[in-house]
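Written out below as structure tokens is the structure these notes cover.
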Amino acid sequence: MSKTYSLQDLELFLRVAETGNMSEAARQLNITNAAVSAAIKRLELALDVSLLERTTRSLHLSAAGESLIPYVQHALGALGDAESELRNLQTSVAGEISIGLPSDLGRHLLLNILDDFQHQYPRVSLRLNFSDMMQDLYREGLDLVIRYGDLRDSSLIARKLCDNRRLLAAAPAYIATMPALNCLEDLAQHNCLYFYRNDRPYNHWLFYRAEQLIEIPIQGNRNANDGEVVRRWGVAGHGIIYKSAIDIRDDIAQGRLVTLLDGQYQGQSTPLYAVYKERKYQPFRLTALLTHLEKNLQLF
Numbered sequence: 653m654s655k656t657y658s659l660q661d662l663e664l665f666l667r668v669a670e671t672g673n674m675s676e677a678a679r680q681l682n683i684t685n686a687a688v689s690a691a692i693k694r695l696e697l698a699l700d701v702s703l704l705e706r707t708t709r710s711l712h713l714s715a716a717g718e719s720l721i722p723y724v725q726h727a728l729g730a731l732g733d734a735e736s737e738l739r740n741l742q743t744s745v746a747g748e749i750s751i752g753l754p755s756d757l758g759r760h761l762l763l764n765i766l767d768d769f770q771h772q773y774p775r776v777s778l779r780l781n782f783s784d785m786m787q788d789l790y791r792e793g794l795d796l797v798i799r800y801g802d803l804r805d806s807s808l809i810a811r812k813l814c815d816n817r818r819l820l821a822a823a824p825a826y827i828a829t830m831p832a833l834n835c836l837e838d839l840a841q842h843n844c845l846y847f848y849r850n851d852r853p854y855n856h857w858l859f860y861r862a863e864q865l866i867e868i869p870i871q872g873n874r875n876a877n878d879g880e881v882v883r884r885w886g887v888a889g890h891g892i893i894y895k896s897a898i899d900i901r902d903d904i905a906q907g908r909l910v911t912l913l914d915g916q917y918q919g920q921s922t923p924l925y926a927v928y929k930e931r932k933y934q935p936f937r938l939t940a941l942l943t944h945l946e947k948n949l950q951l952f
């Protein structure tokens, strides 16, 4: 069956999905309810699926509608990038970049690097999304995600920005009153502060000792789904943290945290990557940002 719908129909579908209401979508776009309804019907007829589940009181996306959304976002986003690049003749660094950032690293290191980038390229606008969850570039409409660890999604491109490992650390105030910590196994006797990774508690800490992997189960009276909160608890002297070296580098340099068991282990590797969509024609602003991030983070 021929595709008898238009780009405008796809845009209207997304607006209905966002608002959950055809009338509200029509009001926002200053068109009639009938025009919105006709657009949805054209899509459903052309695709031979029901995109919406309608009742007398509510409207919800069907399973097919949910599945379609990221593809529509990707397609419309690619067209938007193409139009932007044509306007800029692929010679200027301009336009919006949406970036997903880890909470702690984003606030304490990457914000300054991004400030420098915008100072260098004032025609760039940034939209930042802070989260320690695994962010979905397509569903969340992101151009780029900065994340720790190796890439598993083969449909994306990962560019390593720097190597990095986790370190054990605690505040001097905690060290002054803590029980003896002579080896990794002694962590079981300490208050260990941990965070969640993708909704799972990171309460089994991984180390290498003499090239042997060691897993230490830990416990503590504080945990959070935000890495920055865990770092703050560590600085406040509430317990031991196991955080990425670049997250706590300034705290160590300024004496707010002290590393523990130096030389007795090698921390879990958590290299930092920039993850982005594979495109035949990369927006020039994104290429410039990747180069800027790599240049600045290689210093660490």
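Residues 653 to 952 (our numbering) are what the sequence shown spells out, left to right. All C-beta atoms, glycine included, are put in the ideal place defined by N, C-alpha and C.
**Prompt:** How would you write the range of the beta strand (DSSP E) that L762 sits in, first residue to last?
**Reply:** Here L762 belongs to no beta strand (DSSP E), and DSSP marks it neither H nor E.
- [ ] Using 10 angstroms around the beta-carbon of D700, count the other beta-carbons present and answer buried if the total reaches 16, otherwise exposed.
- [x] Classification for D700: exposed.
- Query: Should Q920 be counted as a contact of the ligand MG given a C-beta to heavy atom distance under 7 Å?
  - Reply: The ligand MG is absent from the structure shown, which contains no ligands of any kind.
Are the beta-carbon atoms belonging to R818 and G919 less than 8 Å from one another? For R818 and G919, yes; Cβs fall inside 8 Å.
inquiry  = Taking the alpha carbon of G752 as the reference point, which residue from L762, F936, L704, S744 has its own alpha carbon closest?
reply    = Residue L762 is the option with its Cα nearest to G752.
Out of curiosity, what's the CA-to-CA distance linking G889 and L941?
-> For G889 and L941, the distance between alpha carbons rounds to 37 Å.
* To do: Using DSSP bridges, identify the partner residues of C844.
  => Answer is I892, bridged to C844.
### Complete beta strand (DSSP E) runs within the segment 674-705 (minimum length 3 residues, chain order)
Counting only runs that start and end inside the segment 674-705, there is no beta strand (DSSP E) element of at least 3 residues.
- Message: Check whether the segment 707-716 and the segment 762-774 touch, using three or more Cβ-Cβ pairs below 8 Å as the test.
- Response: Here the segment 707-716 makes no contact with the segment 762-774; the two share fewer than three CB pairs at distances below 8 Å.
Does the beta-carbon distance from R799 to P754 come in below 8 Å? P754 sits close to R799, with the two beta carbons spaced by under 8 Å.
Return the CA-CA distance between E735 and P935, expressed in angstroms with no decimal places.
Here the alpha carbon of E735 sits roughly 10 Å from the alpha carbon of P935.
Within this structure, are the beta carbons of E880 and D767 separated by less than 8 Å? E880 places its beta carbon 8 Å or farther from that of D767.
**For N875, three-class secondary structure by DSSP** = Correct three-state label for N875: strand.
message: Checking 8 Å against the spacing of the C-beta atoms, do L845 and L913 come in under that value?
response: The criterion of a C-beta distance shorter than 8 Å is not satisfied by L845 and L913.
query = By Cβ distance below 7 Å, which residues in the same chain neighbour L945 in space, the five residues on each side in sequence not counted?
reply = Around L945: I765, L813, A926.
Specify, as a first and last residue, the run of the beta strand (DSSP E) that Y925 falls within.
Residues 924-929.
**Candidates V668, I683, R791, of which the one nearest L711 by Cα** = Among V668, I683, R791, the Cα nearest to that of L711 belongs to V668.
*asked:* When you compare the CB positions of L703 and L695, do they come within less than 8 Å of one another, or not?
replied: In this structure, L695 lies closer than 8 Å to L703 by Cβ.
Within the continuous beta strand (DSSP E) that includes E867, where are the two ends?
Element bounds for E867: 864-869.
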